[in-house]
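Numbering-wise, the numbering used here comes out as the position in the sequence shown, counting from 1, plus 126.
Cβ atoms here follow ideal geometry from the backbone N, Cα and C, with glycine treated the same way.
Working notes, structure below.
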Amino acid sequence: MKYSFANRMHGVDESFIREILKVTEKPEIISFAGGLPNPGLFPVREISDAAQKALACKGESALQYATTEGYLPLREFIAQRYQLKQGLEVSPDEILITNGSQQGIDLVAKILLNRGDHVIIERPGYLGAIQAISLYETEFHGVSMEDDGVDTAELEDVFKDHPIKLFYAVPNFQNPSGISYSRKKRDDVAEILKSTAAIFLEDDPYGELRFTGAKLPLIKSQIREQGILMGSFSKITVPGTRLGWVCADKEIMDKLKVAKQAADLHSNFLSQVIIHQYLMDNDLDEHIEKIKNVYGQQCQCMFSAIQQYFPAKLTCTKPEGGMFLWVTLPEGVSSMELFEKAIAENVAFVPGGAFYVNGGGDRSFRLNFSNSTEEKIETGIKKLAGVIKRML
Ligand code: PMP
Numbered sequence: 127m128k129y130s131f132a133n134r135m136h137g138v139d140e141s142f143i144r145e146i147l148k149v150t151e152k153p154e155i156i157s158f159a160g161g162l163p164n165p166g167l168f169p170v171r172e173i174s175d176a177a178q179k180a181l182a183c184k185g186e187s188a189l190q191y192a193t194t195e196g197y198l199p200l201r202e203f204i205a206q207r208y209q210l211k212q213g214l215e216v217s218p219d220e221i222l223i224t225n226g227s228q229q230g231i232d233l234v235a236k237i238l239l240n241r242g243d244h245v246i247i248e249r250p251g252y253l254g255a256i257q258a259i260s261l262y263e264t265e266f267h268g269v270s271m272e273d274d275g276v277d278t279a280e281l282e283d284v285f286k287d288h289p290i291k292l293f294y295a296v297p298n299f300q301n302p303s304g305i306s307y308s309r310k311k312r313d314d315v316a317e318i319l320k321s322t323a324a325i326f327l328e329d330d331p332y333g334e335l336r337f338t339g340a341k342l343p344l345i346k347s348q349i350r351e352q353g354i355l356m357g358s359f360s361k362i363t364v365p366g367t368r369l370g371w372v373c374a375d376k377e378i379m380d381k382l383k384v385a386k387q388a389a390d391l392h393s394n395f396l397s398q399v400i401i402h403q404y405l406m407d408n409d410l411d412e413h414i415e416k417i418k419n420v421y422g423q424q425c426q427c428m429f430s431a432i433q434q435y436f437p438a439k440l441t442c443t444k445p446e447g448g449m450f451l452w453v454t455l456p457e458g459v460s461s462m463e464l465f466e467k468a469i470a471e472n473v474a475f476v477p478g479g480a481f482y483v484n485g486g487g488d489r490s491f492r493l494n495f496s497n498s499t500e501e502k503i504e505t506g507i508k509k510l511a512g513v514i515k516r517m518l
């Protein structure tokens with residue numbers, strides 16, 4: 127071997143999704159593989175106006191170095207929104223602006239985890255978190271997902287058997303499964319956490335994208351400083367500005383700021399000023415309403431096509447929000463094998479194995495509905511159904 131890489135790089139593969147996305151770049155492919163928002167909903171003109179205004183009014187300061195924690199008016203906006211939408215009292219000082227919530231996962235792992243530390247993640251779980259946390263050479267414990275959230279009996283057992291330091295979860299419209307925790311699961315998880323010393327990392331990029339069902343409280347609102355909450359502008363405005371945030375107690379925040387400073391001094395300040403200007407001049411709720419309407423229709427379209435064309439032996443989640451749904455194949459049918467056959471017919475998805483720590487997921491796969499037209503969803507699901515029927 128030509129280079130001697132650090133131990134932490136061993137065993138962390140290049141994201142399988144990145145590999146898949148290379149295959150799916152071909153224009154003839156109908157891809158349900160990526161996790162991309164619908165670009166037709168990007169407020170391009172409004173962001174362009176905001177950019178011009180921000181540069182005209184705050185040119186020099188918007189282009190200067192800035193503070194590590196992020197643009198105060200933007201942090202104030204986020205804190206006020208938590209109060210308004212969730213009844214969660216948060217000070218702007220408890221918000222750190224990051225390069226997407228992806229950087230939040232990395233920074234939280236960096237300040238908390240030593241090599242060999244024990245971490246819980248859902249099975250299936252968010253691939254980006256598996257990748258980011260793996261770099262700190264931790265030991266993962268997967269806890270199964272049920273239709274209404276994580277299996278709390280299994281969760282309790284894992285807490286009993288291991289000195290867990292961090293529990294990472296996506297309780298709203300999870301990536302990859304689309305599953306949301308019920309109120310009972312939220313309460314039970316909060317109760318279990320209270321009897322432990324673990325930190326709960328609640329990753330919530332999709333929470334505002336609920337298209338059916340009743341809104342449920344954040345787990346952080348029950349466990350307060352034991353919880354670190356993350357949010358993102360990626361799914362409610364645009365992902366290209368790379369703006370997310372971490373919301374944590376002051377003691378944690380001080381450490382996060384040191385880690386963030388060492389990583390990149392601060393997040394792109396021009397992006398922060400532009401997005402803040404956009405938020406001042408436009409109604410975010412109205413914009414989110416538009417996104418929810420479209421995603422709700424796309425989800426329904428995919429769900430109905432699955433009901434219509436897939437063999438009855440397959441099961442599928444029915445998400446109440448977010449961007450993904452999750453399919454489970456009958457015993458003995460491999461989603462990896464299905465992936466290879468489907469690609470040959472120009473349809474792509476992500477096989478389930480990628481989302482499982484310590485193996486599993488061979489019979490399941492993730493479908494993204496936000497990035498395809500209803501026509502493509504219908505055609506793609508029909509084609510996929512044909513491949514599945516031939517495999518059964
Ligand atoms: N967490 C989850 C659960 C996600 O699905 C994503 C995006 N795929 C992220 C974090 C990262 O998003 P961003 O960095 O754009 O905020």
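- [ ] Take residue 298 and list the residues in its own chain whose beta-carbon comes closer than 6 Å to its own, dropping the five residues that flank it on each side.
- [x] By one-based count along the sequence shown, residue 298 stands at place 172. The residues are 306, 330, 332, 333.
Task: CB contact flag (residue 254, residue 229, <8 Å) - done: On the sequence shown, residue 254 is found 128 positions in, with the first residue counted as 1. On the sequence shown, residue 229 is found 103 positions in, with the first residue counted as 1. Result no, Cβ atoms of residue 254 and residue 229 do not sit closer than 8 Å.
Open item on the list: Here's a check: name, in chain order, each residue in its chain whose Cβ is nearer than 8 Å to the Cβ of residue 169, leaving out the five neighbours to either side.
Closed with: Taking the sequence shown and counting its residues from 1, the one referred to as residue 169 is at position 43. Once the five neighbours on either side are set aside, the close Cβ partners of residue 169 are 363, 364, 404, 408, 413.
Task: Cβ-based neighbour list, residue 460, same chain, cut-off 6 Å, excluding 5 preceding and 5 following - done: Within the sequence shown, residue 460 is the residue found at index 334, counting from 1. Here the set comprises 488.
TODO: Check each candidate in 137, 159, 210, 423 and name the one with the smallest Cα separation from residue 336.
DONE: Within the sequence shown, residue 336 is the residue found at index 210, counting from 1. That would be 423, whose Cα lies nearest to the Cα of residue 336.
- [ ] Would you kindly check if the distance between the Cβ of residue 427 and the Cβ of residue 445 is under 8 Å?
- [x] Taking the sequence shown and counting its residues from 1, the one referred to as residue 445 is at position 319. Taking the sequence shown and counting its residues from 1, the one referred to as residue 427 is at position 301. No, they are not a contact pair.
Task: Buried/exposed call for residue 338, threshold 16 Cβ in 10 Å - done: The residue labelled residue 338 in the question sits at position 212 within the sequence shown. Burial call: exposed.
Open item on the list: Can you tell me whether residue 297 sits near ligand 1, meaning its C-beta is under 7 Å from at least one heavy atom of the ligand?
Closed with: As a position in the sequence shown, residue 297 is number 171, starting the count at 1. No; taking the cut-off as 7 Å, the Cβ of residue 297 has no heavy atom of ligand 1 nearer than that.
Task: Option nearest residue 402 by Cα separation, candidates 378, 417, 367 - done: Along the sequence shown, read from residue 1 onward, the residue named residue 402 stands at position 276. The shortest C-alpha separation from residue 402 is found at 367.
TODO: Write down every uninterrupted run of the alpha helix (DSSP H) in the region 389-477 whose length is 4 residues or greater and which is fully enclosed by it, in chain order.
DONE: 395-407, 410-435, 461-470
Open item on the list: My assumption, with CB atoms under 8 Å, is that residue 93 sits in contact with residue 275. Please give the rounded CB distance.
Closed with: As shown, the chain starts at 127 and ends at 518. That puts residue 93 outside it, with no answer to give.
Task: Closer than 7 Å: residue 331 CB and nearest ligand 1 heavy atom - done: Here residue 331 is taken as the residue at index 205 of the sequence shown, counted from 1. Yes.
Open item on the list: With distance defined between alpha-carbon atoms, name the residue in 465, 515, 516 nearest to residue 155.
Closed with: As a first step, residue 155 must be located in the sequence shown, where it is residue number 29. The candidate whose alpha carbon is nearest that of residue 155 is 465.
Task: Whole-angstrom distance between residue 159 and residue 512, CA atom to CA atom - done: Reading the sequence shown from its first residue, position 386 is the one you call residue 512. Reading the sequence shown from its first residue, position 33 is the one you call residue 159. Approximately 18 Å between the Cα atoms of the pair.
Task: Cut-off 6 Å between Cβ atoms - residues of its own chain near residue 294, not counting five sequence neighbours on either side - done: Translated into the one-based positions of the sequence shown, residue 294 becomes position 168. The residues are 247, 255, 327.
Open item on the list: Need the endpoints of the alpha helix (DSSP H) that residue 186 sits in, please.
Closed with: Numbered from its first residue, the sequence shown carries residue 186 at position 60. Segment 170-188, the alpha helix (DSSP H) holding residue 186.
- [ ] Could you tell me if residue 165 is buried or exposed, where buried requires 16 or more neighbouring beta carbons within 10 angstroms of its beta carbon?
- [x] Locating residue 165 in the sequence shown gives position 39, where the first residue counts as 1. That one is exposed.
- [ ] Indicate the three-state DSSP secondary structure (helix, strand or coil) for residue 148 in the structure shown.
- [x] Counted from its first residue, the sequence shown places residue 148 at position 22. It is helical.
TODO: May I ask you to check if the CB of residue 226 is nearer than 7 Å to at least one heavy atom of ligand 1?
DONE: Looking up residue 226 in the sequence shown gives position 100. Residue 226: yes, Cβ under 7 Å from ligand 1.
- [ ] Report yes if the C-beta distance between residue 220 and residue 379 is below 8 Å; otherwise report no.
- [x] In the sequence shown, the residue the question calls residue 220 occupies position 94. In the sequence shown, the residue the question calls residue 379 occupies position 253. Contact: yes.
Task: Proximity test, Cβ basis, 8 Å: residue 439 and chain C - done: Of the protein chains in the structure, only one exists, and it is not chain C.
- [ ] Report the rounded CA-to-CA distance for residue 507 versus residue 131, giving the unit in angstroms.
- [x] For this step, residue 507 is matched to residue 381 along the sequence shown. For this step, residue 131 is matched to residue 5 along the sequence shown. Computed Cα separation, rounded: 42 Å.
Task: Short Cβ contact (8 Å threshold) for residue 315 with residue 345 - done: In the sequence shown, counting from the first residue as 1, residue 315 sits at position 189. In the sequence shown, counting from the first residue as 1, residue 345 sits at position 219. Yes. Within cutoff.
Open item on the list: Using a Cβ-Cβ cutoff of less than 6 Å, which residues in the same chain neighbour residue 467 once the five nearest sequence positions on both sides are dropped?
Closed with: Translated into the one-based positions of the sequence shown, residue 467 becomes position 341. If we look at residue 467 and ignore the five residues flanking it on each side, its Cβ neighbours are 513.
Open item on the list: Quick check on residue 195: buried or exposed, where buried means 16 or more other Cβ atoms within 10 Å of its Cβ?
Closed with: Residue 195 sits at position 69 when you count from the first residue of the sequence shown. With 16 or more Cβ atoms within 10 Å of its Cβ, residue 195 is classed as buried.
TODO: Report the rounded CA-to-CA distance for residue 447 versus residue 469, giving the unit in angstroms.
DONE: For this step, residue 447 is matched to residue 321 along the sequence shown. For this step, residue 469 is matched to residue 343 along the sequence shown. Cα to Cα, residue 447 sits roughly 27 Å from residue 469.
Task: Residues near residue 235 in its chain [Cβ-Cβ closer than 7 Å; skip 5 each side] - done: Within the sequence shown, the letter at position 109 stands for residue 235. For residue 235, where only same-chain residues beyond five positions count, the Cβ hits under 7 Å are 258, 259, 262.
Open item on the list: Quick check: residue 419 and residue 449, are their CB atoms within less than 8 Å of each other?
Closed with: What you label residue 419 is simply residue 293 of the sequence shown in a count that begins at 1. What you label residue 449 is simply residue 323 of the sequence shown in a count that begins at 1. Against a cut-off of 8 Å, the Cβ pair of residue 449 and residue 419 comes out as no contact.
- [ ] Taking all protein chains shown into account, decide if residue 135 is buried (16 or more other Cβ within 10 angstroms of its Cβ) or exposed.
- [x] Here the question's residue 135 lines up with position 9 in the sequence shown. Looking at its Cβ environment, which holds fewer than 16 other Cβ atoms inside 10 Å, residue 135 is exposed.
Task: Closer than 7 Å: residue 301 CB and nearest ligand 1 heavy atom - done: Reading the sequence shown from its first residue, position 175 is the one you call residue 301. Checking every heavy atom of ligand 1 against the Cβ of residue 301, one is found closer than 7 Å.
- [ ] Taking only the alpha-carbon atoms, compute the straight-line gap between residue 198 and residue 218 and give it to the nearest angstrom.
- [x] Reading the sequence shown from its first residue, position 72 is the one you call residue 198. Reading the sequence shown from its first residue, position 92 is the one you call residue 218. Rounded to the nearest angstrom, the two C-alpha atoms are 7 Å apart.
- [ ] Confirm the yes/no value for this check: CB of residue 600, any heavy atom of ligand 1, distance under 7 Å.
- [x] In the structure displayed, the chain extends from 127 to 518; residue 600 sits before or after that span and is not available.
Open item on the list: Tell me the DSSP secondary structure of residue 249 in three-state form.
Closed with: The count along the sequence shown starts at 1 and reaches residue 249 at position 123. Three-state DSSP puts residue 249 in a strand.
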